[in-house]
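Protein chains in written order, with this note's numbering: chain X, 1 to 227; chain H, 228 to 454.
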DNA sequence: CCCTGAAGTTAGGTTTGCCTAATTTTGAGT
DNA sequence: ACTCAAAATTAGGCAAACCTAACTTCAGGG
């Protein structure tokens, strides 16, 4: 079996991630947006992936793609690379959590299994990356985190940040300044109506921050108790 | 200026290395061999490099290529990446010196300047890689090492290994087993006629090893004294 | 000085992955 | 049912890099 190209790995990773985020088949437009290519390019690539001998995906024309087992395996491998590299860059080389995504996007396609093994061992086989995203085990298995969007947390609830999208460095910088990193506990003190901001007080802070929808959609928490 | 592709970087690095090894213009066949591609591909690429707006190389049809300043700068940057990565993999991740070349071949094209800076700082800005090859400074300058092939060392001379070609893992394993790594002192005890083996005794060893031409051509030493 | 084999180049073709523009399909609203 | 805009696909192209096969140039020996 010929090695997968970087482009193919990017598509598989994106399909996996969007499939998890939405729980449904992934449509062309979403992929095009995520990958920064035209919809036509996505259409073409999806046909290739579906018709490849490994049958990486199944594609119902006009109705989205889903990963087949082989595609899912490959996607998880790339995601494992990506997240291990992110963790490594932060822990071993002192990168900020907002700086690692871009670098990992390139490195994920290039590192060997030996490299993967060595950084995993160095890090003590971590189970999540600096943004709280779980790191798939070698060759498979990634349990679905049981967390919810901060968007969906009711007033008065205490919660603990579980993970944050790693895709927007500016968002990460901002959240870092507020102290809203994984494991941080917080209290939802208020919600404005009509998708208005959600007010949040991190444990140990006097400040209360008003977070807009763009942010709360990208921050996931585990509920700790009713208030 | 559009980013250089990995292929272009590979060509520039190879041209630089061969130009240094031979001291002359680099011919198509040597490049094809080094890069593992056909001569036709080399011809095509050389025209592209020569005609690119940056004028990376000058190419006298049928008479070889040489790097122009822009090409040399780019080549040194890639070589810096390659050698820093090799040093990092050995020092930080416990790779063997025979394992790093292949990994570095991929990583060199992909790491950012930030990554380069961080590993250089981590390593304390080393001036040579695990095989003894000098690491170019940021943005240029690489002094020509004043060493000679082990092939050219006379009987009775003491010398110290300065560097070893990193391209053949099996050779590196073998040399490692003999203890012939950079900084190792040795004595040339005998030379057989007609390009026969050269006999070498590493300091601190009882053993004398007979090394064939294939090996002695790839091992460089600095002469320490006449015997 | 000419001939020839080796070295190098050109010609023409393939694959990969992207693009824009044109077309088709879908599905939501009347 | 029908319309029609949004979503998706197809058609046709382009740029990188590679290949093989055919041809050209070079340089050394007769």
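All C-beta atoms, glycine included, are put in the ideal place defined by N, C-alpha and C. These figures come from a predicted structure and were not determined experimentally.
- Judged by beta-carbon spacing, residue 303 of chain H lies within the 8 angstroms limit of residue 367 of chain H, meaning their Cβ atoms are closer than that value.
- Only those residues of the region 308-336 of chain H whose C-beta falls short of 9 angstroms from the nearest C-beta of chain X are listed: 316, 319, 320, 321, 322, 326, 329, 330, 333, 334 and 336.
- Here residue 38 of chain X is exposed, its C-beta having fewer than 16 other C-beta atoms within 10 Å.
- At a cut-off of 8 angstroms between beta carbons, residue 118 of chain X contacts chain H.
- Restricting attention to X:222, X:207 and X:172, the CA atom closest to the CA of residue 183 of chain X is found in X:222.
- For secondary structure counted as the beta strand (DSSP E) over 3 or more consecutive residues, the region 268-326 of chain H holds these complete runs in sequence order: 284-286 and 292-294.
- Residue pairing by DSSP leaves residue 24 of chain X without any beta bridge partner.
- For residue 194 of chain X, none of the residues of chain H pass the 7 angstroms Cβ criterion, the least Cβ distance being about 42 angstroms.
- For the pair residue 132 of chain X and residue 122 of chain X, the Cα-to-Cα distance works out to about 18 angstroms.
- In the structure shown, residue 234 of chain H adopts helical secondary structure according to DSSP, grouped into three states.
- Within chain X, the C-beta atoms nearer than 7 angstroms to that of residue 339 of chain H come from 103, in chain order.
- Look at residue 211 of chain X here: in three-state DSSP terms it is strand.
- For residue 425 of chain H, DSSP records a beta bridge to H:418 and H:438.
- By the Cβ neighbour-count rule, residue 125 of chain X is exposed, with fewer than 16 other Cβ atoms within 10 Å of its own.
- Secondary structure of residue 222 of chain X (DSSP, three-state): strand.
- DSSP places residue 177 of chain X outside any beta strand (DSSP E); the residue lies instead in the alpha helix (DSSP H), whose first and last residues are 169-178.
- The contact set of residue 115 of chain X on chain H, defined by CB atoms closer than 7 angstroms, consists of 330 in chain order.
- Contact annotation: residue 292 of chain H and residue 242 of chain H have beta-carbon atoms nearer than 8 angstroms.
- When 9 angstroms is used as the limit between beta carbons, residue 220 of chain X is near no residue of chain H, the shortest such separation being about 28 angstroms.
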